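Worksheet: the structure to be examined is printed underneath.
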Amino acid sequence: MSEQYIFTVDNGTQSVRAILFDYKGNLVAKGRQEIEPYFSTHPGWAEQEPDYYWSSLAKACQKLWDSTDITPDQVVAATITTQRGTVINVDENGKALRPAIVWLDQRRSEVNGDVPGIWKWVFKLARVEDVIHRFREKSQAIWLDQNQADIWDKTHKFLLLSGYLTYKMTGNFNDSVGSQVGYIPFDYKKLKWAPETDWRFKILPSLKLSMLPDLVNPGELLGEVTTQASQHTGLPVGLPVIAAASDKACEILGSGGNRPDIACMSYGTTATINTSNTKYVEPIKFLPAYPSAIPGAYSSEVMIYRGFWMVSWFKKEFGLRELRIAEERGIEPEELFDKLVTDVPAGSMGLMLQPYWSPGVRDPGPEAKGGIIGFGDVHTRSHIYRAILEGLAYGLKEGMEALEKRNGVKIKTLRVSGGGSQSDAAMQLTADIFGMPAERPHTYETSGLGAAIDVAVGLGIYPNMDEAIEKMTRVGQVFEPNSDNVKIYSKLYHQVYLKMYKQLQPLYKSIREITGYPE
């Protein structure tokens, strides 16, 4: 009997990947299609054509099948994991009515008047009026109803990208519980849609339960590959499509994060640190714990919204020399960028960065901005680059300490994934700032692997998540902390970094009042 494999679609912000994993968690073949994250027709908007994702998946699948001798009939099931919070309006035939609003979008709806009924007083007594106001401001559903009412009136289903790709693959308006992250009426504690009598629907009056997809748990059946999807992807007609979860949730699972004493850090477009728990633990007050890729479990997450995007920003604005030299030498640019980091001592010779490059869901208020202090004539762009990495690590360490406090559990293990984890310099720096070993998983494609684990348990290949994690995940490389650097970073973290926001907050507020930024 020939070997059998699990097929994973991983639609991230920068690319779409079609991946094959074996039952031991080994990546055996991959097709990768780079994508434009978004286009913008107005300042702050971020949109993308839904069919662009689907056509990009076809190209990724073609690259996959061209790269391997494995044939589609050796695939036992398919699964889908995607970027979070990207929404798509479709009609009864599943046709997109407008471009997708991508999770990076910064538009705001007009919030006029109070929440109707008794909820106004409930929110006032609970002192969460500001939280509810920001939720309504950021709701794409409210914005669409206010500004594109004709499209909203035609909307049959309001889907996340995961739900849209599930429809394109199976013809069913289904989605995974584990993919529900965004400004939608999802009950994060009960892991299901809220009833229409719930406050979530009261603050989203134009959105009806009937407009949302049916939800199934990770590991359960979403549907089967249709004839049209088979022609598009090369997968067999009737192949089971099994529910996974969002890319971050799958990344945690693929990194082996199934306990609150394991912190899973992602150096991605959004940098995050997460712990998994069977208990519902809000990482920050009024910020929900998100659904885990493990059925019935939760992921407590602290994020830095623009995260490793800041590294991409640096490379674009200041790293053209390295990019050009790398192309001439035929090497990866990361080799040269890592040298920029290692040429600078720990602490960047006093240069300290606060990584609030874009407002996001975090402790600092909406006025927070990025800050760099400590400049002197000794500093070069190499120091700035290292300071960016250090600032991200400081911010995520602060998040880890918050999670330890909220969970009541000391973190013993640190796993690091995402694009930034491929940098040895970033991994070493992380180990030094956290003062503990930083473990890199055996595969870069941890989100795809996490989705494959959901399939493996759902099909009964493994009896439970713990055994599947044991058999399909492992540590690839461990970076031990340097004791001298740990001492320097500990002092800078406690004596400088933790005090920066408090000191700079009044100035950030003044900047916002004078310029209007950030919105």
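First residue of the sequence shown: 13, per this note's numbering; consecutive thereafter. C-beta atoms are modelled at their ideal positions from N, C-alpha and C, and glycine is treated no differently. Predicted model only: the values in this text are computed from it and were never measured.
Residues bridged to residue i (per DSSP)
i: Ser312; result: Thr287
i: Gly43; result: Ala30
i: Cys564; result: The question about residue 564 has no answer, for the chain in this structure spans 13 to 531.
i: Val189; result: Beta-bridge pairing links Val189 to no other residue.
i: Trp205; result: Phe198
i: Leu251; result: DSSP lists no partner for Leu251.
i: Glu59; result: Phe51 and Ile113
i: Arg333; result: According to DSSP, Arg333 bridges with nothing at all.
i: Asn23; result: Val28 and Thr94
i: Ala108; result: Val102
i: Gln366; result: Gly383
i: Gly235; result: Val253
i: Leu171; result: Ile100
i: Val228; result: Ser188
i: Ile18; result: Phe33 and Ala89
i: Leu299; result: Ile296
Limits of the unbroken alpha helix (DSSP H) element including residue i
i: Leu437; result: For clarity, residue 437 is Ala in the given sequence; the question names Leu instead. Ala437 -> alpha helix (DSSP H) spans Asp436 to Phe446.
i: Gly411; result: Arg393 to Asn419
i: Val143; result: Glu141 to Lys150
i: Asp85; result: Segment: none, Asp85 is in no alpha helix (DSSP H) and carries neither H nor E.
i: Ile264; result: Asp259 to Gly266
i: Phe213; result: Trp211 to Lys214
i: Val353; result: Pro345 to Thr354
i: Asp162; result: Ala161 to Lys166
Span of the beta strand (DSSP E) around residue i
i: Thr527; result: Not the beta strand (DSSP E): Thr527 falls in the alpha helix (DSSP H), residues Leu510 to Thr527.
i: Arg452; result: Ala450 to Pro453
i: Gly383; result: Gly383 to Ile385
7 Å CB neighbourhood of residue i in its chain, flanking five on each side removed
i: Ala468; result: Ile18, Tyr35, Tyr474, Ala480 and Met484
i: Ile31; result: Thr20, Asp22, Leu39, Lys42, Glu457 and Gly460
i: Tyr520; result: Glu379, Ala380 and Lys381
i: Gly331; result: Phe349
i: Gln489; result: Arg452
i: His395; result: Val356, Ser360, Met361 and Leu363
i: Phe147; result: Tyr195 and Ile215
i: Leu221; result: Trp205 and Glu208
i: Asn476; result: Val469
i: His145; result: Val123
i: Asp157; result: Trp164 and Ser218
Contact belief for residue i with residue j at Cβ below 8 Å, rounded distance in angstroms
i: Ala256; j: Thr98; result: 16 Å between Cβ atoms; not a contact.
i: Leu109; j: Asp103; result: 6 Å
i: Val421; j: Pro272; result: 4 Å
i: Asp259; j: Arg96; result: 7 Å
i: Leu401; j: Ala275; result: With a Cβ gap of about 18 Å, Leu401 and Ala275 do not count as contacting.
i: Val228; j: Leu251; result: 17 Å between Cβ atoms; not a contact.
i: Val314; j: Leu415; result: 6 Å
i: Arg44; j: Ala70; result: Not confirmed; about 13 Å, so no contact.
i: Asn419; j: Ser312; result: 7 Å
i: Pro197; j: Asp85; result: Wrong, their Cβ atoms sit about 41 Å apart, outside the cutoff.
i: Ser151; j: Leu172; result: With 8 Å as the limit, Ser151 and Leu172 do not qualify as a contact, their Cβ atoms being about 14 Å apart.
i: Thr281; j: Thr25; result: 5 Å
i: Val253; j: Thr83; result: Wrong, their Cβ atoms sit about 19 Å apart, outside the cutoff.
i: Val487; j: His454; result: 7 Å
Chain B contact for residue i (CB, 8 Å cutoff)
i: Trp205; result: Any reference to chain B falls outside this structure, which holds one protein chain only.
Nonlocal neighbours in the same chain, by C-beta distance under 6 Å from residue i, ignoring five residues either side
i: Ala241; result: Met181
i: Cys262; result: Thr93, Ala256, Ala305, Ser459, Gly462 and Ala463
i: Tyr310; result: Asn289, Tyr292, Ala301 and Ser304
i: Glu232; result: Ala255
i: Arg374; result: Unreliable placement is indicated for Arg374, whose pLDDT of 48 sits below 50; the coordinate value is still reported in the next sentence. None.
i: His244; result: Ala70
i: Glu46; result: Ser27
i: Arg567; result: This structure gives no information on residue 567, because the portion of the chain shown stretches from 13 to 531.
i: Gly407; result: Ile316 and Pro367
i: Asn497; result: Ala358 and Asp444
i: Asp533; result: Residue numbering for the chain in the displayed model covers 13 to 531; residue 533 lies beyond these limits and cannot be assessed.
Cut-off 8 Å between Cβ atoms - residues of its own chain near residue i, not counting five sequence neighbours on either side
i: Ile523; result: Glu379, Lys381 and Tyr529
i: Met512; result: Met364, Gln366, Gly383 and Ile385
i: Tyr65; result: Asn23, Val28, Ile47, Ala112, Leu173, Tyr176 and Leu177
Of all the alpha helix (DSSP H) runs that stay within the bounds of the stretch 467 to 505, which reach a length of 4 or more residues?
-> Those alpha helix (DSSP H) runs which fall completely within the stretch 467 to 505 and span 4+ residues are 477 to 484 and 495 to 504.
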